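Read top to bottom, the protein sequences are chains D and P. -19 is the number of the first residue of the first sequence in my numbering; add one for each residue after it. 14 is the number of the first residue of the second sequence in my numbering; add one for each residue after it.
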Amino acid sequence: MQGKIKPNLPQKQVVLPFKKSVEIAVKSIKSRFFRTLITTMSLILAISFYAYIKVNLDIISSITVSNDKAAIQRLSLQGIEIPGEGRAMELSPQERWILFLSLLVCVVGIVNTQLMAVADRFREIGTMKCLGALDRFILRLFLIEAALQGLIGSALGGAAGALIACLGALVKYGSSIAGLVSLNQILTSVFSAVVLGCLLSIIGVLYPALLAAKMQPVEAMRGRD
Amino acid sequence: MNQPASIVRISGVIKDFTMGKTIVQVLKGIDLEIKAGEYVSIMGPSGSGKTTLFNMIGGLDKPSAGSVFIDEIDISQLDAYELAWLRCRKIGYIFQTFNIIQVMTALENVTLPMVFAGIPDDEARERGMELLDIVGLKKRFLHKPFELSGGQQQRVAIARALANDPAIILADEPTGNLDLATGEEIITLLKMLSRDKEVTIISATHDLKMLNVSDRVIWISDGKIEKIEKREELSISLGQIGDK
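Structure, rendered in structure tokens:
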């Protein structure tokens, strides 16, 4: 573009401050509560499953590494194979596989609902672009929304999974195990579940959000779809 | 010459669309000049290239050949950022389907373009209220779109289009989804704005009421300008339009 004279050259770029993006994303989540709930539901379920498995494993390994003979006895009565003395429990290949599948199904579900959401909001996105929004504003809005959904959904799911695992363990192995289990380890597992959930939510929204961001503003001009 | 400067200048614009293997020429060389403060209607049957021309003026589409100048800026020279800036600051859009953003209140809708333009919150809010006052919706600033009637939504859209003091307002069938009386109110409002704020208003329309207030009517047919009528000439030929 060298040498070309552009009178009234646009001096200022368009902006969307981060605070405003979050504000708009929160508004959007609030007013589409039901749709958000459906998107988040698959995440809640998958993450609660993940947290349940992780916390369960934490509890069992804390019991097995302890020297509480009575508790270990109750474990084997439940049909759990105790690894050699002093060694921690690990997930069986089958359990790993099921966990992986459940997370995969969750991501596919998120991609699906987010694609629907984008199709639903085509006009809104086009209008924003007509008002001067850049591709990355749209992308950012969707990513923030997904991150928030991921945070809330996986926090709920993680808490639910951990709670169920703990209650189940108390019922199965007796309340005496409470002293053996390290709270720290459980919290770490829940935390990892929340991080994983946010990641999955963001991975799930990437493709739909890119589609939305690439959309031409002309779409907003078209009549009813 | 004391003529007002031209706000839109189109010279030799050709637009091709590729449909599979064939190339369809939708616009076949259009020359047009629109002056600041004019109220112009673009008329034409569907498939005439009316919408394409309209999008071109709005910076929503680029010509295959020829150039479109908006406020003396050649839009084909602009990158994505500058185009966004142009859409934000120079052009206000009004749609047939209102396109009020559903999750935001009337005031938030009006202030959104100001957010993009980097105007501080307080100033944007104040200006947004002024604009809502102009379109007669000051008391309803907290209402969400679904609490507003079609006519009211279109008023919010008009206030939003005015947010950054644009040079041009582009209205695509602004009365297409409104009943007769409401449509007339919207047309009166647009006319008032073009007079008071000296905004150029360009609309694509089939609405005869719209033609009555237009300074000029541009008839597009088969990718070319068929004729341009001034309002004085128009009132004579209006009868014929009705007869068709």
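Glycine included, every Cβ here is placed at the ideal spot set by N, Cα and C. Keep in mind the model is a prediction, meaning the values are calculated, not measured.
Local Cβ density within 10 Å of residue i, reported as buried at 16 or more and exposed below that
{"i": "residue 51/P", "result": "buried"}
{"i": "residue 85/D", "result": "exposed"}
{"i": "residue 151/D", "result": "exposed"}
{"i": "residue 102/P", "result": "buried"}
{"i": "residue 158/D", "result": "exposed"}
{"i": "residue 76/D", "result": "exposed"}
{"i": "residue 141/P", "result": "buried"}
{"i": "residue 58/D", "result": "exposed"}
{"i": "residue 135/P", "result": "exposed"}
{"i": "residue 240/P", "result": "exposed"}
{"i": "residue 117/D", "result": "buried"}
{"i": "residue 158/P", "result": "buried"}
{"i": "residue 73/P", "result": "buried"}
{"i": "residue 14/D", "result": "exposed"}
{"i": "residue 153/D", "result": "buried"}
{"i": "residue 37/P", "result": "exposed"}
{"i": "residue 109/P", "result": "buried"}
{"i": "residue 104/D", "result": "buried"}
{"i": "residue 134/D", "result": "buried"}
{"i": "residue 195/D", "result": "buried"}
Pick from the options that is closest to residue i, judged by C-alpha positions
{"i": "residue 220/D", "options": "168/D, 191/D, 198/D and 96/D", "result": "Residue 220/D lies beyond the stretch modelled for chain D, which goes from -19 to 205, so this question has no answer here."}
{"i": "residue 77/P", "options": "58/P, 158/P, 31/P and 231/P", "result": "31/P"}
{"i": "residue 165/P", "options": "177/P, 176/P and 152/P", "result": "152/P"}
{"i": "residue 167/P", "options": "86/P, 233/P and 198/P", "result": "198/P"}
{"i": "residue 222/P", "options": "211/P, 212/P and 191/P", "result": "191/P"}
{"i": "residue 197/D", "options": "58/P, 234/P, 68/P and 156/P", "result": "68/P"}
{"i": "residue 47/P", "options": "206/P, 229/P and 158/P", "result": "229/P"}
{"i": "residue 139/D", "options": "12/D, 43/D, 102/D and 171/D", "result": "171/D"}
{"i": "residue 207/P", "options": "38/P, 34/P, 89/P and 49/P", "result": "49/P"}
{"i": "residue 115/P", "options": "78/D, 134/D, 107/D and 91/D", "result": "107/D"}
{"i": "residue 20/P", "options": "219/P, 131/P, 175/P and 211/P", "result": "211/P"}
{"i": "residue 63/P", "options": "155/P, 235/P and 188/P", "result": "235/P"}
{"i": "residue 18/P", "options": "174/P, 163/P and 213/P", "result": "213/P"}
{"i": "residue 113/P", "options": "86/P, 139/P, 160/P and 92/P", "result": "160/P"}
{"i": "residue -4/D", "options": "85/P, 125/P and 24/P", "result": "125/P"}
{"i": "residue 55/P", "options": "245/P, 218/P and 109/P", "result": "218/P"}
{"i": "residue 237/P", "options": "163/P, 57/P, 133/P and 173/P", "result": "57/P"}
{"i": "residue -2/D", "options": "35/P, 131/P and 25/P", "result": "131/P"}
{"i": "residue 190/D", "options": "156/D, 131/D, 142/D and 119/D", "result": "119/D"}
{"i": "residue 137/D", "options": "174/D, 38/D and 155/D", "result": "174/D"}
{"i": "residue 186/D", "options": "46/D, 38/D and 97/D", "result": "97/D"}
{"i": "residue 258/P", "options": "33/P, 245/P and 59/P", "result": "Since the displayed chain P opens at 14 and closes at 257, residue 258/P lies outside it and no answer follows."}
Straight-line gap, residue i to residue j (C-alpha atoms, nearest Å)
{"i": "residue 65/P", "j": "residue 137/P", "result": "33 Å"}
{"i": "residue 28/P", "j": "residue 209/P", "result": "35 Å"}
{"i": "residue 81/D", "j": "residue 121/D", "result": "29 Å"}
{"i": "residue 180/D", "j": "residue 40/D", "result": "27 Å"}
{"i": "residue 216/P", "j": "residue 53/P", "result": "6 Å"}
{"i": "residue 123/D", "j": "residue 123/P", "result": "24 Å"}
{"i": "residue 83/D", "j": "residue 27/D", "result": "8 Å"}
{"i": "residue 193/P", "j": "residue 224/P", "result": "14 Å"}
{"i": "residue 143/P", "j": "residue 104/P", "result": "19 Å"}
{"i": "residue 182/D", "j": "residue 100/P", "result": "30 Å"}
{"i": "residue 178/P", "j": "residue 127/P", "result": "10 Å"}
{"i": "residue 94/P", "j": "residue 74/D", "result": "51 Å"}
{"i": "residue 120/P", "j": "residue 97/P", "result": "22 Å"}
{"i": "residue 259/P", "j": "residue 227/P", "result": "Since the first residue shown for chain P is 14 and the last is 257, residue 259/P is missing from the structure and cannot be characterised."}
{"i": "residue 75/P", "j": "residue 88/P", "result": "7 Å"}
{"i": "residue 101/D", "j": "residue 186/P", "result": "21 Å"}
{"i": "residue 83/P", "j": "residue 106/P", "result": "14 Å"}
{"i": "residue 166/D", "j": "residue 22/D", "result": "23 Å"}
{"i": "residue 243/P", "j": "residue 90/P", "result": "32 Å"}
{"i": "residue 6/D", "j": "residue 33/D", "result": "32 Å"}
{"i": "residue 89/D", "j": "residue 25/D", "result": "11 Å"}
{"i": "residue 126/D", "j": "residue 12/D", "result": "13 Å"}
{"i": "residue 199/D", "j": "residue 92/P", "result": "19 Å"}
{"i": "residue 91/D", "j": "residue 36/D", "result": "29 Å"}
{"i": "residue 192/D", "j": "residue 4/D", "result": "16 Å"}
{"i": "residue 71/P", "j": "residue -6/D", "result": "17 Å"}
{"i": "residue 22/P", "j": "residue 2/D", "result": "40 Å"}
Cβ separation of residue i and residue j, assumed to be a contact under 8 Å, to the nearest whole Å
{"i": "residue 180/P", "j": "residue 203/P", "result": "So it is not a contact: roughly 15 Å between Cβ atoms."}
{"i": "residue 111/P", "j": "residue 170/P", "result": "5 Å"}
{"i": "residue 9/D", "j": "residue 129/D", "result": "7 Å"}
{"i": "residue 87/D", "j": "residue 177/D", "result": "Not a contact, Cβ separation roughly 11 Å."}
{"i": "residue 55/D", "j": "residue 62/D", "result": "6 Å"}
{"i": "residue 43/D", "j": "residue 160/D", "result": "6 Å"}
{"i": "residue 195/P", "j": "residue 163/P", "result": "7 Å"}
Would you check if the region 68 to 87 of chain P and the region 136 to 153 of chain P touch, i.e. whether three or more CB-CB distances between them fall below 8 Å?
Flag = no, the region 136 to 153 of chain P and the region 68 to 87 of chain P do not touch.
Should the region 34 to 48 of chain P be regarded as contacting the region 136 to 152 of chain D, the criterion being three or more beta carbon pairs within less than 8 Å?
Flag = no, the region 34 to 48 of chain P and the region 136 to 152 of chain D do not touch.
Meets three-Cβ-pair contact criterion under 8 Å: the region 14 to 21 of chain D and the region 107 to 117 of chain D
No: the two stretches stay apart, fewer than three of their Cβ pairs being nearer than 8 Å.
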